[in-house]
Structure formats: C-alpha cells, structure tokens
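To start, the structure itself, in structure tokens.
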Amino acid sequence: MSDEFDRTQLVNIFVAEATDEMERFWRALHPTEKLYPSVEDIVEYHATGHKLKGAALLYGFSVLGRLGGVLEDLLEQASRFSAEQWPTIIQLLREISASFQVQVRDIGHGGKEDPSVLENFVHRANQFLAVPTVPLPRVTSGEQLAGPSTGNEQELLTETYLIPVLDPEVMSYFAPEAQEYLDILEKHLLHLDGKTEDFDAIHQLFRTAHTLKGSAYTVGFQAIGDLTHSIEDFMGAVRDHRLRILPGHTDLLLRTIDLVRALLRRDPVLLPALRERFAVAAHELKELGKSGGSTEGKLVRGEEESQATVVAEVGEGHEIDSLGSADRKSGEEREVIRVSRDRLERLLNLVGELVIDRGRLEQRLRTLDQLVAQVMTNKMRLVDAVQSFEDKHTYTFQQATKPVDEPGMTAGASIHDFGSLEFDQYDDFNILARRISEVTADISESMSQLNGSIRRAQDDMAQLQQLTLSMRDEIARARMVPIGTSFTRFRRAIREMARATGKDVTLVTSGEQTEIDTGVVERLVDPLVHLVRNAVYHGIEPASTRVAQGKASVGTVYLHAAHRGSSVVIEVEDDGGGLELRKIKSRAVEKGLIRQEVAAALPDSEAIKFIFLPGFSTAETVDNQAGRGVGMDVVKRAIEAMNGHIEVESVKSFGTKFTLHLPLTLLIATALLVRVGNERYAIPLPSVREVTIPTGSAMQVVTGRSVMQLGEEAIDVCPLDKLLRREAGIADHGKSVVIVRTSTGPLGCAVDELLGRQEIVIKSLGRLKLFERAVFGGAAIDPEGRVVLVLDVNRLTAQPSCESPTGESDDTRLSATTLMDVGMPSVQSTPGFPLLLIDDSLSIRKFVGRMLESAGYAVDTASDGEEGCRKAATQQYQLIITDLEMPRLNGYEVIQALRARPQTQTTPILVMTTRAGDKHRHMAMAAGASGYIAKPVEERALIQEIQRWTGRAMNVGK
Numbered sequence: 005m006s007d008e009f010d011r012t013q014l015v016n017i018f019v020a021e022a023t024d025e026m027e028r029f030w031r032a033l034h035p036t037e038k039l040y041p042s043v044e045d046i047v048e049y050h051a052t053g054h055k056l057k058g059a060a061l062l063y064g065f066s067v068l069g070r071l072g073g074v075l076e077d078l079l080e081q082a083s084r085f086s087a088e089q090w091p092t093i094i095q096l097l098r099e100i101s102a103s104f105q106v107q108v109r110d111i112g113h114g115g116k117e118d119p120s121v122l123e124n125f126v127h128r129a130n131q132f133l134a135v136p137t138v139p140l141p142r143v144t145s146g147e148q149l150a151g152p153s154t155g156n157e158q159e160l161l162t163e164t165y166l167i168p169v170l171d172p173e174v175m176s177y178f179a180p181e182a183q184e185y186l187d188i189l190e191k192h193l194l195h196l197d198g199k200t201e202d203f204d205a206i207h208q209l210f211r212t213a214h215t216l217k218g219s220a221y222t223v224g225f226q227a228i229g230d231l232t233h234s235i236e237d238f239m240g241a242v243r244d245h246r247l248r249i250l251p252g253h254t255d256l257l258l259r260t261i262d263l264v265r266a267l268l269r270r271d272p273v274l275l276p277a278l279r280e281r282f283a284v285a286a287h288e289l290k291e292l293g294k295s296g297g298s299t300e301g302k303l304v305r306g307e308e309e310s311q312a313t314v315v316a317e318v319g320e321g322h323e324i325d326s327l328g329s330a331d332r333k334s335g336e337e338r339e340v341i342r343v344s345r346d347r348l349e350r351l352l353n354l355v356g357e358l359v360i361d362r363g364r365l366e367q368r369l370r371t372l373d374q375l376v377a378q379v380m381t382n383k384m385r386l387v388d389a390v391q392s393f394e395d396k397h398t399y400t401f402q403q404a405t406k407p408v409d410e411p412g413m414t415a416g417a418s419i420h421d422f423g424s425l426e427f428d429q430y431d432d433f434n435i436l437a438r439r440i441s442e443v444t445a446d447i448s449e450s451m452s453q454l455n456g457s458i459r460r461a462q463d464d465m466a467q468l469q470q471l472t473l474s475m476r477d478e479i480a481r482a483r484m485v486p487i488g489t490s491f492t493r494f495r496r497a498i499r500e501m502a503r504a505t506g507k508d509v510t511l512v513t514s515g516e517q518t519e520i521d522t523g524v525v526e527r528l529v530d531p532l533v534h535l536v537r538n539a540v541y542h543g544i545e546p547a548s549t550r551v552a553q554g555k556a557s558v559g560t561v562y563l564h565a566a567h568r569g570s571s572v573v574i575e576v577e578d579d580g581g582g583l584e585l586r587k588i589k590s591r592a593v594e595k596g597l598i599r600q601e602v603a604a605a606l607p608d609s610e611a612i613k614f615i616f617l618p619g620f621s622t623a624e625t626v627d628n629q630a631g632r633g634v635g636m637d638v639v640k641r642a643i644e645a646m647n648g649h650i651e652v653e654s655v656k657s658f659g660t661k662f663t664l665h666l667p668l669t670l671l672i673a674t675a676l677l678v679r680v681g682n683e684r685y686a687i688p689l690p691s692v693r694e695v696t697i698p699t700g701s702a703m704q705v706v707t708g709r710s711v712m713q714l715g716e717e718a719i720d721v722c723p724l725d726k727l728l729r730r731e732a733g734i735a736d737h738g739k740s741v742v743i744v745r746t747s748t749g750p751l752g753c754a755v756d757e758l759l760g761r762q763e764i765v766i767k768s769l770g771r772l773k774l775f776e777r778a779v780f781g782g783a784a785i786d787p788e789g790r791v792v793l794v795l796d797v798n799r800l801t802a803q804p805s806c807e808s809p810t811g812e813s814d815d816t817r818l819s820a821t822t823l824m825d826v827g828m829p830s831v832q833s834t835p836g837f838p839l840l841l842i843d844d845s846l847s848i849r850k851f852v853g854r855m856l857e858s859a860g861y862a863v864d865t866a867s868d869g870e871e872g873c874r875k876a877a878t879q880q881y882q883l884i885i886t887d888l889e890m891p892r893l894n895g896y897e898v899i900q901a902l903r904a905r906p907q908t909q910t911t912p913i914l915v916m917t918t919r920a921g922d923k924h925r926h927m928a929m930a931a932g933a934s935g936y937i938a939k940p941v942e943e944r945a946l947i948q949e950i951q952r953w954t955g956r957a958m959n960v961g962k
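Residues 5 to 962 in the working numbering are what the sequence shown lists, from first letter to last.
Written as structure tokens, this is what we have:
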C-alpha cells in the first residue's frame, strides 16, 4: 500500500462501521417482546455478515472475516432450520455476535484478533448447515494441522504438500484419470444416498478410492492420496459392516471430493483456502473414522447380530461375483489411450487445412479441364482447316512444268507414262497437308488420354475428399463424450435444492450415452444446473399440495438427451404445477413491459417469452435461491452462444418442459455461404429458417421499416450490409432474403448472392478487443483460401433497427472498412471524467476510494445499486466499479440496467466482490461486465485493471 494511506484512520472507519452493524444485529437477536426472534426478524442480516466478511478480509482481519462468513451461511439457511433447532441456532448467533463485537473493540484499542474461538464456532455451525461453511483463508501460514496420513501426529500443510511440483507430462495423464475416478465416486455416493445396502456400489466406491489413492501416491500428490486413503478406509469399514453410512456422511464425502477437485487445479492463489479446507476435511474424516466406536456406528446385538452374519455372508458372495464380473469387464474393454483435447483440436485444424488444400487442387483440376475443353475446340478448328487444305492440294498435278525423269528409271520409261488415275503424284503441298493431318490425329489422341487422366484424377480427388471428411469426422468424434458424464452434477443439484426447499424430488434420466462435443458439455452444465434447480424451486409443489391434487408426494424431474439429425436435443421436464402465466403477465405489466389490455389478450406462447428477459422474476421473496431476476436470460444467451435455441412448453397442473436444441460440435458446422458486396459470410444452417426471393407485392414499408409478408407472418427485412455497418443497402425484391432465427424472432437478411451450402471448420477469432462485442462467432476458410466470417445471428438483433431507404436512420455510419466497423460498439472509456465506485460497505468505499485517489483518479461513490444507477444516469464516468451483493439493486441488475442505457452502454464496468467462483464470474461477464476482481483486492492488480480500460499510466505507490 502507498505511504499516503493512513491505516489507523481506515481501521477506525472499519471499527465504527462494524460496531454499528453488529449493534443492530444484536438488537435483532434480543427482541423485547419475545424470547427468540423469528426467521423473518433476522434473515435480512445475512447481507450484514457478507458485508462484514468482505470488509474484514480487505483489512487483513482473517478471524473476523471467517466469523462474518459463518454468520452469513447460518442466516442464508435460516429458513430450513426446524423449530427444535431454532433456540440452539439463536444461541450460537448470539455468541458469535458477542465474540465479534469484543474482537472489534480490541482492534479499535490497538489489540489483535483471537483465533482460538474459531474452531468451536465453525464446528458447531457445520452441524446445522446443509452445505457446511468453507472456512476462509487466514493471513498466517504454516499451521500445524492433523492430516489423515499421520494419525495423531501434527503435519505441516506446506505449499509443496498441497500443491506439489510435478512433471507437466505426469499431470497431463493423472488429472483426467483422477477426474474420472472422482466422477465415479460422486455418482455412487449419490446413488447410495438412501440405499445404504447396495453392496455393488459400496464395493465400487472402495475400489475406486483405492485406485485413486494409489495413483496419487505414485505421481507424488500426497495430499490427494491422504484424502482418498481416508475415503477408502471408511468405505472398507462399511463394506466389512463395521460402520454404517449415516445421514451427513454423504455430504462429508462429497465435500472431500470437491476439495480433491480443487487440489487438482494446483492454483497457488487458492493455497490459503485449500489449507483451511484441507484442515477441516482432515478433522471431519478423522472423526468419521472414529464413529465406529459409537452406538450409531455399531450394529445392535441380539437378533440383529445374527442377521448381520447372514448379511455379511451374502455380502462376501456378492463381492466375489462383482470382482469376477469386474475382471470379465476389464478383459472385454477396449484398450484406450489419453489424448489432450488441444491436440485433437490441432489435428482437426490440420484436417481442415487438408480439406481446403484439396479444394484448391480440385479447383486446379477444374481449370485444367476447362483448358482441355478449349484445346479440343481449337483442335477441331485445326482439323477442319487441315481437311479443307488436304482436299484442295492432295490430288493436284503439276501441269505447267515438264517433269524431270527420276534417276534410275530405264530409258524410255517415265511416271508420266501413267495416266492420272493410274498413278498418284505428290508435291510439297501434298506432303505438308498429309503431315498436318497426321499431327492433328496425334494431338487428338493425346488430348483424349489427357482428358481421361483428368477424369481419373477427379475420381481420386473425390475419394480423397471422402477419406478426408471421414478422418475429420473421426477426429471430431474423438472429442465426443457421453452427456451422462455430467448428469451426476444434476443429481447433486436437485438433492441440495430439494433439501433446501423441504421437497421430495427424484431425477429420472435417459439418453446418458448420447454423445456430444466436450466443449458443448462444458458450456452446457451451468444452464442445465439452473434449469433443474428451477424445476425444483418453481415447478415441483410441496408434498402436501401434490397429494391434495391427486399426485404422487414425490415430484419428478426428467432429463432426456437424444440425437436428432446433426443436432442434439436435451429436454428438462418436471411434473409440477406448470408456469404461472397469469403471474407472469401481471409482473410484465408491473414492470411496464406491456399494457394491461394487451396482456389480457396475449397468447400463452408469447407470455412465456417474458421469463427470458433480464431481471424478470415471479418469486415473491428474494433469497439465495431465487428472486434476483438473474437466470433464464443468462441460460438463453448461453444456449444461443452455441448456435442453439430453447423452446418452452407448459401445461397448468401437469408441468413444464424446456427443450434445448444444440449442435453436436462447435468446431464443425454446416453453413450457408452468402455474398454481400465483395465479401463472403457464413450463416450456420441451424440458424437459417428459410431462403426466399420476395416479389414486389410481398415487400411493404411499415412505420419506416421494410417488412416482407410471408404467409400470415410479417417479417422485418434488412440488407445484411446495413446490419454489418458496411455501406447502405436497400432491401428490394431483387435480392435473396435469408430468414434467420434470432432471440427476438425471425429476421430477414437481404444478400447479393447465395453461394450454397458448405461444411466449415470454425476457428476462434481470438481475444482481440475489437472482436469482444462483434457480431461474428468465428471464422472459416473457403476452398479458395479466403477468410469467411461466421455470423452470430443473435447479435445481429442488437444492431440498430432497419429502416426503409425513405426513413431516417439514427445509427452512425462508419466509413472505414476495418473489422472494427462491422462489430458491435466496443467498450470505451471517456477520459477526464471520474470513476464511480458502487459498494454498500462504507469501509470498502473509503479504503478503495483512497487507493484510487492515490493513483490519480477522481472517484465518486454510491452506497447501493439503485444510487449507482441514478448517478450514472446524470453524470458521465470513464469507468464504473460495482459490488455484486447489495440492497435494492444487486450487481447483476446494475450491469444490465447500465448496458440497457445508451449513455452507459460502452462504459467499462468492473465487478469487485468476495464471490470468486466461476459461476458468479460467468454470470457477470454474460450480463455485460468488462472485468472481474475478487476481494480482498490487491492495489496494484486493481490499478492495472483500471489502467487497462482507461489507457492511463499507472501511479501506484511503492
């Protein structure tokens, strides 16, 4: 931190804010009119815990940060605690609050934190939390913590223990193998939840943990080996009937699996958090191993004891069978090798280049074929000329001169003694004509052979094309993975959501073997998780309601995948109450999206589209599960970013079904090539609805826009060059119109020429800033070697609306013909204006504000999202920094609101939050954020990020 910072003053600000917040919370915990507060009285204070956690960590107070995190977790899950648990929860909150206030007071008097209170509070809180709190990193390191591999001895959790230095080649094969084993462990643990007598699953868990443990120790990853050793020991005890899997054990083992996944990332930034999480996991696994001594872990004596003997015998026989079947399966399995995905992509790119080169050769052959045809035409002209010459001179006689007797002829004998019909005579013209005729015949024969060779080369080229395409398809197929590999995550998401909402829900899956590109699967997981969670939260009714309606008490979510042509279709369906269309219409009227009289007559299919709008939610309350209005719009954008689309069907009282249509792969696509001016573009075929050439009567001008009447449908038509901001065009009936599917409905794009359908290998445009908001999803190379940009049709609708040539267009034309011109407006900073800092914590506003001012920036602040949006509407800023979790308007809503306004559409927006997870980051970037910084923020990193967007030189104190 720079010398200008007065830490004492900043700490005093933090102490004052923390004292004020905790006093309000303390009063809420001690109501005067009753013994204990209700859930409604204190649930809103989870934001207080979150705010104090972030502020404490920012100032380096790790103990207070962790206490704030425990408060936040307990209050977020307050609604699910039972009436019997509630007094104990309130007592725990009161003790944490009292300890927090004491430590804040000590800090204010120059004292230090007391870390000895943490273990007691964390342990007691974890007994009630559905997802136990993950302790936040401490500032200190090198603590002595118990590890599974050392028994009662203390082991130092050093960096080399948690993040060992391993050969990259070793990690290249160990990491994918470990991920597969972790998926198997997670799958069988979720299967065992409620089915603890499935000996096949128990044995598979034991064998998988044993294998992963051995692999980890072999490559030198001791931390993972120790954790999986503990899992193996526990499952071995369960298999031998020394222990039982009790409620809560599954959660502990799943958290351990998550920790192993985090260790596999080997990210030094996560080291403090890994150290804390490992300590907690080691302690809990150690206690889990001791549970065999408790009455819960033992089988009861007497009659159950005899039954246990029978079960044990059956279990042993079953184990032998499963071992034998496992051996048989392993013998039948095909041998496999591991190849990195990057290498497969490189191979696919090389095959793409081969296809392009083959196309060039084919074009050369076509050119040669055309030359052969031209030569044959000229040859025929020569044949006619020679024939005419030969007819004229072959049988002529020299009459004008007297012939000379040939030597060797006998006296009195001469060829002239013969008549013209008795003996043919040839002069030089005759001989030339004869020789030209022979040469022409030879040329004809050679050209015939050349033509045959070209035909055979074309056949060989067609065969090469087939082999090349087959090779490309096989390499692309090597990137395919069964979509069922990700279904385990959905089971876990449904399990956790059902537990949080108090509902009974089961997941039924089909089509797990449907293969799809691994890149699609990775980008599909988050949208699907959101859909299945929504199905539980919004769709499935409580058990009592379902029984009253004559339904089964247990709700069902169906997840189905199947191939359909060159696409894959995924369906997420529930048997709940269906979408509340009346409430959707009412909320749309409240938000000013539609008038009341229009809403009353709006078809259900149109009303459903409102759920995909940013910030739209029908939830009555805002909590950590729903009500923030961030979700379905992000899901829709994620699907459309993969050139897919989503459909919704809902029947009241019977349920809702979301159908996702996605391409099999993102690297290879069938596209329609079009020409606009001198440029060629590719439109992915799944985005093309139809192609037409409108007649004059079909084109109309309505309110300044060109509209084409197609059946009973009126479709906006705009020249593609205008949408791409090239040069002004006219949507006349002489041009072909490609009707594409967009997020806002069909759109007609007028093009100069249709070049046909072609399979293309899509290449990334890279991370150049000029492509960040462009309307292109990639690029391809046509057989002639020219670069063809691939359009993302959903981004086209973000361009200014098309108007007829007679109307006035309010969009700004760019005369340059650079690639920047054909993209969306790039995010631009406006120099000379201040920065806007939006955060609900006074400490953070003061701390970060001083940091920015010391770097030479003028700073304006706002205490919540609504105030920030109000200031941004009246004042111009060169950059905006916002927190995510704030009262009135959260960070996602702030970003969406700012991006919807013309004056802030291009202003850089940085998110600064304690939520460092990928999910929060991806949602923020999808909403329109320019950058993402995790708290506690480091000064130099923050200034560098701001400087990257403002273009100003950095001024950071040493």
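The beta-carbon is built from N, C-alpha and C at its ideal position, and this holds for glycine as well. Since this is a predicted model, take the numbers as computed values, not measurements.
Helix, strand or coil at PHE616 according to DSSP, with G and I counted as helix:
helix
Pull up the distance between the alpha-carbon of ARG28 and that of GLU236, whole angstroms please.
48 Å
With burial defined as no fewer than 16 other Cβ atoms inside 10 Å of the residue's Cβ, what is the status of ALA931: buried or exposed?
By the 10 Å Cβ count, ALA931 comes out buried.
Beta strand (DSSP E) containing LEU677: first to last residue?
Note, LEU677: beta strand (DSSP E), 672 to 680.
Closest residue to LEU689 among GLN762, PRO723 and GLU717 (Cα-Cα distance):
GLN762
VAL242 and VAL108 look like a contact to me (Cβ under 8 Å); what is the Cβ gap, rounded to whole Å?
No, VAL242 and VAL108 are not in contact; Cβ-Cβ is about 46 Å, not under 8 Å.
Return the CA-CA distance between VAL655 and ALA603, expressed in angstroms with no decimal places.
Linking VAL655 to ALA603 through their CA atoms gives a straight-line distance of about 19 Å.
Who are ILE520's beta bridge partners in DSSP?
Among the bridge pairs identified by DSSP, ILE520 is matched with VAL485.
Cβ atoms of ARG745 and ARG790: under 8 Å apart, would you say?
Going by beta carbons, ARG790 and ARG745 fall outside the 8 Å limit.
When you compare each of VAL174, LYS726 and VAL741 to LEU714 by their alpha carbons, which one comes out closest?
VAL741
Could you have a look at PHE780 and say whether DSSP puts it in helix, strand or coil?
strand
Would you tell me roughly how many angstroms separate the C-alpha atoms of LEU14 and PHE851, rounded to the nearest one?
Looking at the backbone, the Cα of LEU14 and that of PHE851 are separated by about 7 Å.
Limits of the unbroken beta strand (DSSP E) element including ILE687:
683 to 688
Less than 8 Å separating the beta-carbons of ARG483 and ASP508?
No.
ILE766 and LEU671 - do their beta-carbons sit closer together than 8 Å?
yes
Under 8 Å, do LEU511 and LEU583 count as touching if we go by C-beta distance?
no
Neighbour-count burial assignment, ASN130, 16 or more Cβ in a 10 Å radius:
Burial is judged here by how many other beta carbons sit within 10 angstroms of a residue's own beta carbon; ASN130 has at least 16 and is buried.
Once the 5 residues before and after ILE842 are set aside, which same chain residues still bring their CB inside 6 Å of it?
ALA866, GLY872 and THR886, listed in sequence order.
When you measure from the CB of SER691 to every non-hydrogen atom of the ligand MG, does any distance come out below 7 Å?
In the structure on display, the ligand MG does not appear, and there are no ligands present to speak of.
How many Å lie between ARG632 and PHE65 at the Cα?
Its pLDDT being 39, under 50, ARG632 is placed unreliably in this model, and the value from its coordinates should be taken loosely. In a straight line, the C-alpha of ARG632 is about 30 Å away from that of PHE65.
Do the CB positions of ARG493 and VAL529 come within less than 8 Å of each other?
yes
Does the separation of the CB atoms of ALA480 and THR669 fall below 8 Å?
Yes, they are a contact pair.
Can you list, in chain order, the residues of its chain whose CB lies under 6 Å from that of ARG952, leaving out five sequence neighbours each side?
none
Buried or exposed for ARG439, going by 16 or more other Cβ atoms inside 10 Å?
By the 10 Å Cβ count, ARG439 comes out exposed.
Rounded Cβ spacing between ALA205 and LEU268 (contact assumed at less than 8 Å):
Not a contact, Cβ separation roughly 24 Å.
Could you tell me the alpha carbon to alpha carbon distance between LEU56 and ARG641, rounded to whole angstroms?
Between the alpha carbons of LEU56 and ARG641 lies a gap of roughly 34 Å.
Inter-residue spacing [alpha-carbon to alpha-carbon] between ALA565 and GLY752
31 Å
Between ASP725 and VAL680, is the Cβ-Cβ spacing less than 8 Å?
Taking 8 Å as the Cβ cut-off, ASP725 and VAL680 qualify as a contacting pair.
Judging by CA-CA distance, which residue of ASP197, PRO119, HIS50 and LEU365 is the nearest neighbour of GLU788?
Nearest option by C-alpha distance: LEU365.
Element boundaries [alpha helix (DSSP H), containing GLN948]:
943 to 954
Would DSSP call LYS661 helix, strand or coil?
strand
Distance, Cα to Cα, LEU795 vs ILE697?
21 Å
For CYS753, which residues does DSSP report across the bridge?
CYS722 and VAL742
Is the Cβ-Cβ distance between ALA945 and THR917 less than 8 Å?
no
Limits of the alpha helix (DSSP H) - the one that GLN600 falls within:
600 to 605
ALA673 and PRO723: beta carbons closer than 8 Å?
no
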